[in-house]
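A.B. asks:
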Amino acid sequence: MSINREPNAVPYDFLIPALQPWSHIVRQGEVLRIVDLEGCQAVDTLFYSLANTQERYSAQDTVRMQGSPYIGLGTKLISNEGNVMLTVIADTVGGHDTSAGACSAEANTVRFGHETKYMHSCRDNFVIELAKHGLTKRDLVSNINFFMNVPVEPDGTLAIVDGVSKPGDYVELRAEMDVICIISNCPQVNNPCNDFNPTPVRALIRNG
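The numbers in this note's numbering rise by one with no breaks, and the one at position 155 of the sequence shown is 217.
As structure tokens, then:
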């Protein structure tokens, strides 16, 4: 676990408000830092190749290649074409989920009752940002949930439990190709992934 890597000469620094989506291009060799400003905030994230958006992050290939269901220091994020998209080069938390997916109106209804159907969700956020890059909901794939704590129970089921990230914790990823990064700063308030209180996060991009 690497710590105390303050970014130098950061050309891009953006505060992603609670509940909101964000997207940006990260060029090959640049480093994206995602900062959990107040702790226990899930950050749902997708990556697409800028050169060919049909090439995108593959949770299945990433899990298979590294032999672990979690993302952490040293993890190479693999595309559906088998290429390395980004590498995790710093991580003060570890154990980021890439299996539980993104909240949606449908999932909220099933898990928490019909009265939650119209609550804003990560799927909504993703669709909004995908449209800015000429993509649609058909282009949604399994995402990474940075800072989200999803242990595997003894019976093989996934549990969403209290997060372990503290204020100021972060993860850094070096782009190995030009990518579009799409984030939903998770608006979920019905489970503990955001400590029932969604908060802002920070996205910084610097030269590698």
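Beta carbons are placed, not taken as given, at the ideal position from N, Cα and C, and that holds for glycine.
Classify Met127 as helix, strand or coil using the three-state DSSP reduction.
C.D. replies: helix
A.B. asks: Less than 7 angstroms between C-beta atoms, sequence neighbours within five positions excluded: which residues of the same chain meet that for Pro69?
C.D. replies: Residue confidence is low: Pro69 scores 47 on pLDDT, short of 50, so the model does not pin down where it sits. No coordinate-derived value is stated.
A.B. asks: Could you give the distance in angstroms between the alpha-carbon of Cys255 and the alpha-carbon of Gln128?
C.D. replies: Taking the CA atoms as reference points, Cys255 sits about 25 angstroms from Gln128.
A.B. asks: Should Phe208 be counted as a contact of the ligand SAH given a C-beta to heavy atom distance under 6 angstroms?
C.D. replies: Among the ligands in the structure shown, none appear at all, so the ligand SAH cannot be discussed.
A.B. asks: Buried or exposed for Val93, please, with buried defined as at least 16 other CB atoms from any protein chain shown within 10 angstroms of its CB.
C.D. replies: buried
A.B. asks: Let me know the secondary structure DSSP gives Cys102 once reduced to three states.
C.D. replies: coil
A.B. asks: Leaving out five residues before and five after Asn187 in sequence, what residues of the same chain have Cβ atoms less than 6 angstroms from its Cβ?
C.D. replies: Closer than 6 angstroms at the Cβ level, and outside the excluded window around Asn187, lie Pro83, Ser246.
A.B. asks: Taking the alpha-carbon positions, what's the Leu28 to Val125 distance?
C.D. replies: Lying outside 63 to 270, the shown extent of the chain, residue 28 is not represented and no answer is given.
A.B. asks: Taking the alpha-carbon positions, what's the Ile140 to Thr115 distance?
C.D. replies: So the two alpha carbons sit approximately 14 angstroms from each other.
A.B. asks: Any contact of the segment 235-253 with the segment 99-118, i.e. 3+ C-beta pairs under 8 angstroms?
C.D. replies: Verdict: yes, contact present.
A.B. asks: Distance, Cα to Cα, Glu177 vs Ala169?
C.D. replies: 12 angstroms
A.B. asks: Pairs of beta-carbons, one from the segment 72-87 and one from the segment 212-223, closer than 8 angstroms: are there three or more?
C.D. replies: no
A.B. asks: Helix, strand or coil for Gly270, going by three-state DSSP, please let me know.
C.D. replies: coil
A.B. asks: Looking at Leu148: is its Cβ nearer than 7 angstroms to the Cβ of Glu238?
C.D. replies: yes
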